[in-house]
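Here the protein sequences come in this chain order: A and B. Residue numbers for the first sequence, in our numbering: 812 to 1160. Residue numbers for the second sequence, in our numbering: -4 to 261. Every residue, glycine too, gets a C-beta built ideally from N, C-alpha and C. It should be emphasised that the depicted structure is a prediction, and the values quoted were computed from it without experimental measurement. Report on the structure given below.
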Amino acid sequence: MHVSLFSVRRFLIIFSIAWLVLITDHALVLQWFGLPWTAAISDSLISNALLLLIAILLLNTFRYYVPDMGQYMSVLGMVIIFTLFWLLISQWLLGLILIDYANYKVFLHKSLIIRFSIAFLILGIIAMIGIIWFNWQDQQKNEERKADAEKLAKEAELFKLRQQLQPHFLFNSLNSINALIGTRPEEARKMVQQLSDFLRGSIRKEDNQFITFAEELEYLQLYLEIEKVRFGYRLKTATDVTPEALTWKMPSLLLQTLMENAIKFGLYGTTGEVLISLQAKVTDNYLVVSIENPYDPDMQTPKGTGFGLKSVRRRLYLLFGRNDLIEINQKADSFVVIFRVPSEETIAI
Amino acid sequence: MQFDLRLRRTEELNIDNLIIMSKVIIIDDEPLARSIVKEYLSKHTEMELVQECNDGFEGLKAIQQHEPDLIFLDIQMPKINGFEMLELVDQPPAVIFTTAFDEFAIRAFEAHAIDYLLKPFNQERFDKAVAKWRDQKNATTEKKTEELLETASLSPSQSQRIVVKNGSKIKIIPVQDVFYLEAADDYVKIHTQEGYFLKNKTMNHFEEVLDKQHFVRSHRSYIVNVQQITRIDPYEKDNHVAILRSGIKVPVSRGGYGKLKAVLGL
């Protein structure tokens, strides 16, 4: 549903003035044709009041159903139907009220075609204004949603920089490198390289919000390598990705955010070995990704899933306008997040 | 230069004379983080590393078994963090905290003038921390640690749960599962569905730490979980009793009744 045009003050003023001019003109013309003043004014008032009602009806119809700018035929049809409707009622009403004036009936019949043309023009103009107004509103809404989506992606990126890189992850990684320098300098070098690549990846400009799953996976791999050095044998990962999934386009940083979440939950929520499994495949024109991490039922961690899941859910909504793209399953000893990405063509823009 | 050397020699002499080896335990969930502490520690011949632990559970066992003089303790660890582990130790040994980044913890350390090592750190910084520990040995450290833990338990993550020792097992109780708390000498009894657990804390501590919208000190010796209350009945003169969902009755004093009414919006 849209905001009515009549709630815009400027429109209301212009609209009223236009109608006053119309009523005056109408009466003047009829008088010029020889109708007595009273008849001319009555005719004008009745016809134009009815036309006003029809115009309001037309604009209200558009509030619920806006024809596309391309659907000329349906708009034309609609205006013709509304005009005929008006003509029918006004003819009947005028004939009924102004019957006393001599020759009025003949005059009315003769002027029908002119009345129709003028009403058709007026209603046509109103229809155009309405369509432009309501389409503009739709566009405005879409733009707002897009801006929101972009803002959120940026926030996610910033949050990731702050939370993941900066404090904990970065300093602990540096600490690991520090330890490796003394005992295994070659590995220290390798880790410096990985950390640099990861940092570079996270500050690269995200001009294109959509990247392939393969690209996202590559970036994720860097992160996983570093985490595996930090946590040693405790962290294990299993990845199962079908070839079709690799080329699927998806919003950037979604996978990264969810994996970080899974690793954090897994590593800090349990003791002992932690297996994080990632599966991705294409089914029914959707990329379906599932991430599973173990979880200790004794822990009873608060249900709050933190910024990670919330931001992913919100981003999926903003990008696709849907709430059913992510689901969370809590099993006896594991936690599974499954998200689906529609093909790129279906993105609401 | 000359002076420096002399000083060092006397220091070494002193240590040789003492020959008391200090027992050390390292508790950190990252293997490389442990190895760097081990490496720095190896320069201190008077200190003996008795055990390395992966998490707070192992750490707690090791502390009870070895009664170390000093522990190096990480804060963010699996399941229970460093602070929660320390709370469970009856007589906490001296601690040097090692952490990468934890705003809350660092503020707590600063507030209680407790030494900590920020990862990554070098040998020099490490030596300084050890030297400081040696100077302060058994002076005020224990008290400081206690105060630190008091502050730490106010952290948002820690006020959501209570970690207790049940025999040799460690139990994590989410606060919403607590029925009520009862004073018992030096301990507090934490009553839950599964019976009660003891925690070596005061009623005032819990009154401070727990969310005041959900936990009310209904009586000098009782704190009750408001969400568990089904009704409040009068009991003798001036007193009331809160009836919990499980049917248990918890005493409510006159002052406590007022507080309960305020929270329940009666």
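> With residue 73 of chain B and residue 1079 of chain A assumed to form a contact (beta carbons below 8 Å), what rounded beta-carbon distance in angstroms separates them?
Replying inline: Locating residue 73 of chain B in the second sequence gives position 78, where the first residue counts as 1. Locating residue 1079 of chain A in the first sequence gives position 268, where the first residue counts as 1. Confirmed, Cβ separation roughly 5 Å.
>> Is it buried or exposed, residue 235 of chain B, if we count other Cβ atoms within 10 angstroms and call 16 or more buried?
In response: Here residue 235 of chain B corresponds to residue number 240 of the second sequence, with the count starting at 1. By the 10 Å Cβ count, residue 235 of chain B comes out buried.
>> residue 861 of chain A and residue 901 of chain A - do their beta-carbons sit closer together than 7 Å?
In response: In the first sequence, residue 901 of chain A corresponds to position 90, counting from 1. In the first sequence, residue 861 of chain A corresponds to position 50, counting from 1. Yes; because the gap between Cβ atoms is below 7 Å, this pair is in contact.
> Which residues in the same chain as residue 111 of chain B place their Cβ atom closer than 6 Å to its Cβ, once the five residues preceding and following it in sequence are excluded?
Replying inline: Your numbering for residue 111 of chain B matches position 116 in the second sequence. Cβ neighbours of residue 111 of chain B beyond the five flanking positions: 92 and 104.
>> Rounding to the nearest angstrom, what Cα-Cα distance links residue 1215 of chain A and residue 885 of chain A in this structure?
In response: This structure does not reach residue 1215 of chain A, given that chain A is present from 812 up to 1160, and the question cannot be answered.
> Would the stretch 936 to 947 of chain A and the stretch 1092 to 1112 of chain A be scored as touching if the rule is three or more Cβ pairs under 8 Å?
Replying inline: no
>> Does the CB of residue 1106 of chain A have a neighbour CB from chain B at under 7 Å?
In response: For the purposes of this step, residue 1106 of chain A is identified with residue 295 of the first sequence, where counting begins at 1. Output row for residue 1106 of chain A: interface = no.
> Can you name the start and end residues of the alpha helix (DSSP H) that residue 53 of chain B belongs to?
Replying inline: Locating residue 53 of chain B in the second sequence gives position 58, where the first residue counts as 1. From DSSP, the alpha helix (DSSP H) with residue 53 of chain B extends over 51 to 61.
>> Just to confirm my understanding: we take residue 174 of chain B, look at its own chain, exclude 5 residues before and 5 after, and list those with CB closer than 7 Å. What are they?
In response: Counting from one through the second sequence, the residue named residue 174 of chain B turns up at place 179. Excluding positions up to five away in sequence, the list reads 186, 187, 220, 223, 239, 241 and 243.
> Is the Cβ of residue 1034 of chain A closer than 7 Å to any Cβ of chain B?
Replying inline: Here the question's residue 1034 of chain A lines up with position 223 in the first sequence. Answer no: the Cβ-Cβ gap between residue 1034 of chain A and chain B never drops below 7 Å.
>> Considering only DSSP beta bridges, list what residue 1145 of chain A is partnered with.
In response: Walking along the first sequence from the start, residue 1145 of chain A turns up at place 334. Paired residues: A:1105.
> According to the neighbour-count rule (16 or more other Cβ atoms, all chains shown, within 10 Å of its Cβ), is residue 1030 of chain A buried or exposed?
Replying inline: For the purposes of this step, residue 1030 of chain A is taken as residue 219 along the first sequence, with counting starting at 1. Residue 1030 of chain A should be labelled buried.
>> Between which residues of its own chain and residue 1090 of chain A is the CB-CB distance below 6 Å, once the five residues before and five after are set aside?
In response: Walking along the first sequence from the start, residue 1090 of chain A turns up at place 279. For residue 1090 of chain A, where only same-chain residues beyond five positions count, the Cβ hits under 6 Å are 1051 and 1101.
>> Alpha carbons only, please: which of A:863, A:1047, A:864 and A:838 is nearest the one belonging to residue 854 of chain A?
In response: Position 43 of the first sequence, counted from the start, is the residue given in the question as residue 854 of chain A. Residue 854 of chain A has its Cα closest to that of A:838, out of A:863, A:1047, A:864 and A:838.
>> Can you pull the chain A neighbours of residue 149 of chain B, defined as C-beta to C-beta under 9 Å?
In response: Here the question's residue 149 of chain B lines up with position 154 in the second sequence. Chain A residues near residue 149 of chain B: none, gap ~17 Å exceeds 9 Å.
> Does the beta carbon of residue 938 of chain A come closer than 7 Å to any beta carbon on chain B?
Replying inline: On the first sequence, position 127 is the one that residue 938 of chain A refers to. Judged by the 7 Å Cβ criterion, residue 938 of chain A is not in contact with chain B.
>> Alpha carbons only, please: which of A:847, A:994 and A:859 is nearest the one belonging to residue 829 of chain A?
In response: Residue 829 of chain A sits at position 18 when you count from the first residue of the first sequence. Nearest option by C-alpha distance: A:859.
>> Which residues in chain A have a C-beta closer than 8 Å to the C-beta of residue 31 of chain B? List them in chain order.
In response: On the second sequence, position 36 is the one that residue 31 of chain B refers to. Simply 986, 989, 990 and 993.
>> Check whether the stretch 36 to 43 of chain B and the stretch 990 to 1003 of chain A are in contact - that is, three or more C-beta pairs closer than 8 Å.
In response: no
>> With H, G and I counted as helix, E and B as strand and the rest as coil, what does DSSP make of residue 235 of chain B?
In response: Translated into positions along the second sequence, residue 235 of chain B becomes position 240. It is a strand residue.
>> By the three-class DSSP mapping on this structure, what secondary structure does residue 839 of chain A have?
In response: If you number the first sequence from 1, residue 839 of chain A lands on position 28. In this structure, residue 839 of chain A counts as helix in the three-state DSSP scheme.
> Looking at the unbroken alpha helix (DSSP H) that takes in residue 186 of chain B, where does it start and where does it end?
Replying inline: The count along the second sequence starts at 1 and reaches residue 186 of chain B at position 191. Element bounds for residue 186 of chain B: not the alpha helix (DSSP H) but the beta strand (DSSP E), 182 to 187.
>> For residue 1050 of chain A, list the residues DSSP reports as bridge partners.
In response: The sequence position of residue 1050 of chain A within the first sequence is 239, counting from 1. Answer is A:1089.
> So residue 21 of chain B and residue 33 of chain B are in contact, right, with Cβ under 8 Å, and what is the actual spacing, rounded?
Replying inline: Your numbering for residue 21 of chain B matches position 26 in the second sequence. Your numbering for residue 33 of chain B matches position 38 in the second sequence. So it is a contact: roughly 7 Å between Cβ atoms.
> In the structure shown, what three-state DSSP assignment does residue 1193 of chain A receive?
Replying inline: Residue 1193 of chain A cannot be examined here, being either before or after the span of chain A that is shown, 812 to 1160.
> Are the beta-carbon atoms of residue 70 of chain B and residue 97 of chain B separated by less than 7 Å?
Replying inline: As a working mapping, residue 70 of chain B is identified with position 75 in the second sequence. As a working mapping, residue 97 of chain B is identified with position 102 in the second sequence. Yes; because the gap between Cβ atoms is below 7 Å, this pair is in contact.
>> In this structure, how does DSSP classify residue 196 of chain B when only helix, strand and coil are distinguished?
In response: The sequence position of residue 196 of chain B within the second sequence is 201, counting from 1. Residue 196 of chain B: coil per DSSP, three-state reduction.
>> Closest to residue 1149 of chain A by C-alpha separation, out of A:931, A:1123, A:1155 and A:1132, would be which residue?
In response: In the first sequence, counting from the first residue as 1, residue 1149 of chain A sits at position 338. When each option's Cα is compared against that of residue 1149 of chain A, the closest is A:1123.
> How would you write the range of the beta strand (DSSP E) that residue 113 of chain B sits in, first residue to last?
Replying inline: Against the second sequence, residue 113 of chain B aligns to sequence position 118. Segment 111 to 113, the beta strand (DSSP E) holding residue 113 of chain B.
>> With DSSP as the reference, identify every bridge partner of residue 89 of chain B, one or two as the case may be.
In response: For the purposes of this step, residue 89 of chain B is taken as the residue at position 94 of the second sequence. Looking at the DSSP assignment, residue 89 of chain B forms a beta bridge with B:65.
>> DSSP three-state label for residue 19 of chain B, please.
In response: Reading the second sequence from its first residue, position 24 is the one you call residue 19 of chain B. The answer is strand: DSSP assigns residue 19 of chain B an E or B state.
> How about residue 1006 of chain A: is its C-beta nearer than 7 Å to some C-beta of chain B?
Replying inline: Along the first sequence, one-based indexing puts residue 1006 of chain A at 195. Residue 1006 of chain A does not count as touching chain B.
> Going by Cα to Cα distance, which pick from B:28, B:18, B:16 and B:15 is closest to residue 991 of chain A?
Replying inline: Reading the first sequence from its first residue, position 180 is the one you call residue 991 of chain A. It is B:28.
>> Does the CB of residue 1043 of chain A have a neighbour CB from chain B at under 7 Å?
In response: Working through the first sequence from its first residue, we reach residue 1043 of chain A at position 232. True, the Cβ-Cβ gap to chain B drops below 7 Å.
> What is the DSSP secondary structure of residue 993 of chain A, reduced to helix, strand or coil?
Replying inline: By one-based count along the first sequence, residue 993 of chain A stands at place 182. In the structure shown, residue 993 of chain A sits in a helix (DSSP, three-state: H, G or I).
> For residue 220 of chain B, which three-state DSSP category applies?
Replying inline: By 1-based counting over the second sequence, the position of residue 220 of chain B is 225. Strand, per DSSP.
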